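Data first, discussion second: the structure below is written as structure tokens.
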Amino acid sequence: MKTLRFLTHQEIFDRATRHLFSQGHTGLPPRGEGACRGYCGGCPVGNFIAPRDHIPAMDGIPVLFVSASAPAAPSYMVVGIMALKRALLRSQINVYDPSTIELLGYLQNVHDVLDKREWRDSLASVARQFGLCADLLEHAA
């Protein structure tokens, strides 16, 4: 039996940070809902999802709905939530660890809610909260 290796919080943070600063802008489409992947570059969560695993129903789904302790989601989101959960697992993200989902939620909010000028400070705050190394932020654009 093959042992699964999940990405560490540090690996998730570093990859999401690199994605954000290489993208350089929020990825909200004209209608305003978040896009996991797309012409705008997508959010840090969508960056982990392989193109073959992405379906449009994932777009606009807060990653916190993937958590087992999440409040009941509206019925129209169920397909997107299940697909998002499956895609994240295929990307070596431990969707069963509440702290991993919390980290992804913060990273998603940095991208979707905050202005680009606030990203560095907000990401540094996320790194402190999760006990992560934020050295990457010093070299980010």
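Each residue of the sequence shown is one higher than the one before, starting from 4 at the first, in our numbering.
Note that CB positions come from ideal geometry on N, CA and C, so glycine has one too.
The model shown is predicted, which means the values in this text are computed figures rather than measured ones.
Among the options, the one whose alpha carbon lies nearest that of residue i
i	options	result
I64	P54, V82 and G27	V82
I104	L140, A73, L117 and D115	A73
P101	G134, R89 and S70	S70
W122	Q13, F9 and R21	R21
R18	N50, T6, G27 and K5	N50
H12	V116, N97, D124 and N112	N97
L10	S78, L106, V66 and G45	L106
Alpha carbon of residue i to alpha carbon of residue j, nearest angstrom
i	j	result
L92	A86	10 Å
T95	I52	The residue you asked about is not Thr; residue 95 is Gln in the sequence shown. Going by the C-alpha atoms only, they are around 10 Å apart.
L23	L7	27 Å
R55	Q26	21 Å
V116	G108	11 Å
S78	V66	16 Å
Contact set for residue i: own chain, Cβ-Cβ below 8 Å, skip 5 residues either direction
i	result
A130	F16, C136, A137 and L140
A127	A137 and L140
Q132	Y109
Three-state secondary structure assigned by DSSP to residue i
i	result
K5	coil
A19	helix
I96	coil
I58	coil
Y42	With a pLDDT of only 48 at Y42, under 50, the local geometry of the prediction cannot be trusted, and the value read off the model is given with reservation. DSSP places Y42 in coil when its eight states are reduced to three.
Nonlocal neighbours in the same chain, by C-beta distance under 7 Å from residue i, ignoring five residues either side
i	result
F68	A76, M80 and I84
I58	A86
Cβ shell of residue i (< 6 Å), same chain only, five flanking positions each side left out
i	result
M61	C39, G83, A86 and L87
L110	A19 and P47
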